[in-house]
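Below is one structure; the comments refer to it alone.
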Amino acid sequence: MNIKVMKFGGTSVAHASNINKVIDIILDVNNKSDKIVIVVSALSGITDDLIMLANLASKGDLKYKIIFQAICGRHDQVIKELIDLKNKKRVVQEINEKYDELEKITANIFSAGELSLSALDAVMSFGERLSSYIIGEAIESRGIACEFVDSREIIKTDDNFGGASVDLEKSHKLISDHFKNGTLYIMGGFIGSTKDGQTTTLSRGGSDYTASLVGAALDAAVIEIWTDVDGIMTEDPKKMKNALLIPEISYEKAEEMAYNGAKVIHPKTIRPAVLKNIPIYVKNTFNPRGSGTKISNR
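Residues in the sequence shown are numbered from 1 upward in steps of one, following full-length UniProt numbering.
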């Protein structure tokens with residue numbers, strides 16, 4: 001079976017016009033793969049806003065309410081631009097329930113006057129929980145059936161809040177059992193849950209790792225990491241204009257570069273793919289015809 005896992009993050013999901021580019025890419029490959037799992041990050045900048053929200057609340061600073069309204073406003077704008085009228089009422093109702101949940105958690109942090117790592121994880125999880133639901137509904141608005149998956153149901157971790165370790169055996173079984181029937185799914189990266197259902201995060205940038213875990217569990221043909229650069233470059237292209245694309249690189253070298261600070265891919269992403277010998281492609285959402293960088297055992 002031809003299974004593809006595609007992860008989108010950063011400026012790829014900054015706002016509605018970029019998300020439309022993401023959906024165009026997904027629809028372009030939808031008929032060419034038997035099964036596609038889309039993994040998305042939070043809207044660009046939202047995770048930082050959520051951390052600020054939690055920190056302000058823990059210090060008793062009522063400015064947290066302004067940040068909360070701004071976070072809701074960003075997502076409301078995306079819904080306004082991407083969701084068709086016949087589904088908008090239902091989507092807004094569902095999103096408002098998530099806003100209410102976030103508001104209650106933040107109010108509890110405000111009342112307690114302290115911020116535990118578990119509470120911070122619960123707050124940070126809303127970036128991916130909101131974006132994955134909204135983008136899934138936006139795909140449906142374009143006439144393609146897309147099943148939303150709550151990542152916390154299939155990514156199981158320990159209780160090391162802030163940077164939880166994944167229970168690979170349990171998660172692999174849940175993933176392979178969950179994705180048996182449909183053809184197009186969407187889920188948030190970066191988040192999981194403990195055995196007793198507490199929300200955890202996999203450390204910043206962990207959506208790449210989520211995509212690799214899912215790909216390995218499903219024996220995917222390919223894992224694609226879609227970002228805002230053409231692939232892995234010889235230098236940071238935002239700092240060096242003469243940076244060159246590396247068209248192909250070994251797992252080992254890519255992992256080494258990631259651990260040494262190359263931000264284009266999360267360091268933990270490589271290991272699950274290596275174990276199943278699944279190639280990883282790093283590609284540019286804004287240049288989808290580009291070849292990108294292939295990471296493999298060559």
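Where a beta carbon is used, it is the ideal one built from N, C-alpha and C, also for glycine.
By the criterion of at least three beta-carbon pairs nearer than 8 Å, the stretch 103-123 is not in contact with the stretch 167-187. The alpha-carbon separation between residue 234 and residue 253 amounts to approximately 12 Å. Its chain contains 189, 190, 266 as the residues whose beta carbon lies nearer than 7 Å to that of residue 206, once the 5 sequence neighbours on both sides are disregarded; these appear in chain order. Taking each of 129, 142, 216, 161 in turn and checking the Cα distance to residue 175, the smallest one comes out for 216. Residue 184: member of the beta strand (DSSP E) spanning 184-188, first to last residue. Between the alpha carbons of residue 5 and residue 154 lies a distance of about 15 Å.
Boundaries of the beta strand (DSSP E) around residue 6: 3-8.
Measuring C-alpha to C-alpha distances from residue 221 to each of 156, 100, 296, 228 identifies 296 as the nearest.
At a Cβ-Cβ threshold of 7 Å, residue 199 and residue 125 count as neighbours. In this structure the stretch 244-264 lies against the stretch 277-293, because at least three pairs of beta carbons, one per stretch, are closer than 8 Å. The three-state reading of DSSP puts residue 234 in coil, since its state is none of H, G, I, E or B. Distance from the Cα of residue 140 is smallest, within the candidate group 115, 170, 87, for 87.
Counting only unbroken stretches of 3 or more residues, the beta strand (DSSP E) elements lying wholly within the stretch 204-276 are 222-227, 248-250, in sequence order. If you draw a 10 Å sphere on the C-beta of residue 84, you find fewer than 16 other C-beta atoms in it, and that means exposed. Secondary structure at residue 199: strand, using DSSP grouped into helix, strand and coil. Under DSSP, the beta-bridge partners assigned to residue 157 are 166.
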